[in-house]
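Encoded as structure tokens, the structure appears first; notes follow it.
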Amino acid sequence: MSASAVIPPYYDETHDALRASVRRFVEKEIMPHISDWEEQNSFPRELYKKAGDAGFLGLGYDEKYGGTPGDVFHKLVFSEEIMRAGSGGLVASLGSLDIALPPIAKWGSDVLKEKVIPQVLSGDKIAALAITEPSGGSDVAAVKTRAEKVTTEDGEFYKLNGSKTFITSGMRADYYTVAVRTGDDGFGGISLILVEKDTPGFSVGRNLKKMCWWASDTAELFFEDCLVPAENLIGKENTGFFAIMTNFQSERLMLTSMANATSQLALDECMAYVREREAFGRPIGKYQVIKHKLVEMATKLEVSKTMMYNVAAMMHAGKDQVKAVSMAKNFATDTSDFITYEAVQIFGGMGLMRESKVERLYRDNRILSIGGGTREIMNEIISKQLGL
Ligand SMILES: Cc1cc2nc3c(=O)[nH]c(=O)nc-3n(C[C@H](O)[C@H](O)[C@H](O)COP(=O)(O)OP(=O)(O)OC[C@H]3O[C@@H](n4cnc5c(N)ncnc54)[C@H](O)[C@@H]3O)c2cc1C
């Protein structure tokens, strides 16, 4: 039995049907292979196609471009269920389209939308978002990769020079939504532009080795006099900062959901383990110290989930939730930090073994208070919202 008692009032039969369908998908297509994929630092590209065929990748996107009708709660259901495989890396890579495509869907030209969105939602192509640079990720307004407008005999282009790092799905993406500097210093000089893999002057560096998310590829990208057609600009020139900040809101909700799912999985693992593992002649779950630990884990998780559903409801209602989602992300990652740490503790030596799920949950969890805006940056946002 799951240790959660949160029954959000936001789910109807369409969400239940989606949950059942994603759960079957995870059990059939992912669970039998995930440990191997983690060790191989990759998963087969055909999984995108399978998820696309099932309509999962298209959730919430316009049907005109191959999307599947759905609201923010359908997205949460998908996130909660796909995380059951216990691989943040798989979820991050399979889901990189959800940080790369929204700016195109919201602000891209019709030509860009028609070209890019259907192919990505079907799983035929992979999309990535490239903001972070070697000089920093938190200070988005300081993006250095420059895009200079040039005219050649073939038409108008932006000439890109610079580099990006830590880009999820960066190794095998076909399309990159890239933050570039088209104007002056500061947030008012940033634009988003779509770069295709085979563009001359664009290259992909190493697949970076990391502590977490082994099944996900994480890349460096280089632009050297890379000529990108001017029509690949997403939205108006120098309006990219607003688009990036808007995009962060849904990314932060999804990271909150990943943290809560991580906590839930770790807690479920512990609930089973404390019943079977014995020390000093008794199941360890009989010791009050362990019981209270589990109670604290479960209580924090309940609060965290309630915050998350509340933020989702605000998003659903079109309300401003900048403060709420930043708080929810920090609370969820504090909770998952606590729960994954205690889960490894409860498992003892077995908690350090790759064969136990809590080992991977502990590692995968570490990124969640860093990616999509660090804990400190969330606090900066919250303090501004509080008028401090
Ligand atoms: C596995 C992985 C996947 C990623 N995927 C992507 C991706 O797909 N696309 C992408 O664009 N990026 C991606 N990132 C990058 C990620 O978004 C950044 O790592 C993150 O935003 C932090 O930036 P940074 O690493 O440059 O840290 P820095 O910005 O250098 O910050 C270093 C430290 O200083 C703190 N700090 C910074 N400013 C302040 C301040 N004003 N007040 C207090 N403290 C501050 C930070 O909180 C942090 O603790 C990924 C990162 C990882 C590890």
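Each number in the numbering used here comes from the position in the sequence shown (counting from 1) with 1 added on.
Every residue gets a Cβ at the ideal spot worked out from N, C-alpha and C, and that includes glycine.
{"query": "For serine 97 and alanine 142, the rounded distance between their alpha carbons", "result": "22 Å"}
{"query": "First and last residue of the uninterrupted beta strand (DSSP E) at glycine 96", "result": "Segment: none, glycine 96 is in no beta strand (DSSP E) and carries neither H nor E."}
{"query": "Serine 43 beta carbon near ligand 1 (any heavy atom closer than 8 Å)", "result": "no"}
{"query": "Reduced DSSP category for glycine 282 - H, G, I as helix; E, B as strand; rest coil", "result": "coil"}
{"query": "Chain-order list of residues whose beta-carbon lies under 7 Å from that of arginine 276 (same chain, five-residue window excluded)", "result": "Pro284 and Gly286"}
{"query": "Strand pairing of proline 104, partner residues [DSSP]", "result": "None; proline 104 has no bridge partner."}
{"query": "For glutamate 157, the three-state DSSP class (helix, strand or coil)", "result": "strand"}
{"query": "Cα-Cα separation, threonine 341 to serine 110", "result": "44 Å"}
{"query": "Under the three-state DSSP convention, the category cysteine 227 falls into", "result": "strand"}
{"query": "Whole-angstrom C-beta distance between serine 170 and threonine 146, which should lie under 8 Å", "result": "Incorrect: roughly 18 Å between the Cβ atoms, too far for contact."}
{"query": "Exposure label - asparagine 233; buried when at least 16 CB within 10 Å", "result": "buried"}
{"query": "Close beta carbons around lysine 330, own chain, < 7 Å, minus the five adjacent residues each side", "result": "Arg253, Leu256, Thr257 and Met379"}
{"query": "Coarse secondary structure for glutamate 197, derived from DSSP in three states", "result": "strand"}
{"query": "Nearest-angstrom Cβ-Cβ length linking glycine 236 and proline 104, presumed shorter than 8 Å", "result": "7 Å"}
{"query": "Bounding residues of the beta strand (DSSP E) (the contiguous stretch that carries arginine 182)", "result": "176-182"}
{"query": "Cysteine 227: CB within 8 Å of a non-hydrogen atom of ligand 1", "result": "no"}
{"query": "Length of the line joining the Cα atoms of lysine 76 and glycine 90", "result": "18 Å"}
{"query": "When Asp269, Lys126 and Ile245 are compared against lysine 198, the one with the closest alpha-carbon", "result": "Lys126"}
{"query": "Start-to-end residues for the beta strand (DSSP E) that takes in glycine 53", "result": "First-last for glycine 53: 47-54, but that is the alpha helix (DSSP H), not the beta strand (DSSP E)."}
{"query": "Residue(s) in a DSSP beta bridge with glycine 163", "result": "Phe224"}
{"query": "Where the alpha helix (DSSP H) through leucine 130 begins and ends", "result": "Careful: leucine 130 lies outside any alpha helix (DSSP H), inside the beta strand (DSSP E) at 128-131."}
{"query": "Exposure of glycine 189, with buried meaning 16 or more beta-carbon neighbours within 10 Å", "result": "exposed"}
{"query": "Contact test: phenylalanine 203 Cβ vs ligand 1 heavy atom, cutoff 8 Å", "result": "no"}
{"query": "Assigned secondary structure, phenylalanine 44 (DSSP; H/G/I helix, E/B strand, else coil)", "result": "coil"}
{"query": "Heavy atom of ligand 1 within 8 Å of serine 170 beta-carbon", "result": "yes"}
{"query": "Whole runs of the alpha helix (DSSP H) within the region 312-357, excluding any shorter than 4 residues", "result": "323-348"}
{"query": "Test item: CB-CB of leucine 60 and threonine 178 under 9 Å", "result": "no"}
{"query": "For valine 151, the residue or residues it bridges with in DSSP", "result": "Phe158"}
{"query": "Three-state secondary structure assigned by DSSP to methionine 57", "result": "For clarity, residue 57 is phenylalanine in the given sequence; the question names methionine instead. Looking at phenylalanine 57 - three-state DSSP - the assignment turns out to be coil, as it is neither helix nor strand."}
{"query": "Heavy atom of ligand 1 within 8 Å of glutamate 381 beta-carbon", "result": "yes"}
{"query": "beta-carbon phenylalanine 224 near ligand 1 non-hydrogen atom, thresh 8 Å", "result": "no"}
{"query": "Cβ shell of methionine 309 (< 8 Å), same chain only, five flanking positions each side left out", "result": "Leu77, Leu254, Thr257, Ser258, Asn261, Ala329 and Ala333"}
{"query": "DSSP-derived helix/strand/coil call for isoleucine 31", "result": "helix"}
{"query": "CB of glycine 184 within 9 Å of CB of glutamate 238, strictly", "result": "yes"}
{"query": "Contact under 9 Å by Cβ, tyrosine 159 with leucine 222", "result": "no"}
{"query": "Nearest-angstrom Cβ-Cβ length linking alanine 148 and isoleucine 100, presumed shorter than 8 Å", "result": "At roughly 20 Å, the Cβ-Cβ gap does not stay under 8 Å, so alanine 148 and isoleucine 100 are not in contact."}
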